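One structure below.
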Amino acid sequence: MIVSKFLVAAATISLSATAFAAGTHGGGHGHGAAIGEPGKASEVSRTITVEMYDNYYEPESITVSPGETVRFMVENKGNLVHEFNIGTPEMHEGHQEEMMMMVEHGVIQGGKLNHDMMEMDMGNGQSMKHDDPNSVLLEPGQSQEVIWKFSDNSNIEFACNVPGHYQAGMYGDVKVQ
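Mature numbering (1 follows the signal peptide of the UniProt record, and there is no 0) puts the sequence shown at residues -21 to -1, 1 to 156.
Here you go:
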């Protein structure tokens, strides 16, 4: 009996830690200790402008220091909807499935977002709002900022997880030095 309770407790803790590190659309797909945390504007050390074009970023890579808080001014200069998302390759892979659902349900429509559909309940308390602190989803011509405090994880990248964009090369390395 004690062993059973221990196993249930261990499984619960394990799942909670996994959910915190990986996140979901409704609960933050990516802000966890593995990559850092939402930053405070008062702690920003510098601002980096990131321009999103159709399937590439300018710049293609960035270098940050462990613990550094950076303001990203993200601008969509392409003709399609694009995302700027800070995460690990594994996080991006999982998030791409969620983004596919956004296309399948008509939230992402090429160069346009159906904002009403973003409120749709995906089940399990998740929505398609795309309001996580490590990510922005922008229509052509839009801009928004992301303020992020980086951890010392050296396996971080920024990526667009709109279906096919990551596979076409729309990602960049975050070098933590």
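For each residue, glycine too, the CB sits at the ideal point set by N, CA and C.
Just so you know, these numbers come straight off a predicted model, no measurement behind them.
Annotated three-state conformation of Val86 is coil, per DSSP. The criterion of a C-beta distance shorter than 8 angstroms is not satisfied by Met81 and His61. In the DSSP assignment, Gln123 falls within the beta strand (DSSP E) that extends over 122 to 129. Beta-carbon to beta-carbon, Leu59 and Pro142 are separated by about 11 angstroms, too far to satisfy the 8 angstroms threshold. Judged by their CB atoms, Ile126 and Arg50 are nearer to each other than the 8 angstroms cut-off. By the criterion of at least three beta-carbon pairs nearer than 8 angstroms, the region 37 to 52 is in contact with the region 14 to 22. Look at Gly151 here: in three-state DSSP terms it is strand.
By the neighbour-count criterion, in which a residue is buried when 16 or more other Cβ atoms sit within 10 angstroms of its Cβ, Lys91 is exposed.
Within the region 23 to 84, the complete alpha helix (DSSP H) runs of at least 4 residues fall at 68 to 83.
For the pair Val23 and Val43, the Cα-to-Cα distance works out to about 12 angstroms. Here DSSP, grouped into helix, strand and coil, assigns Ser21 to helix.
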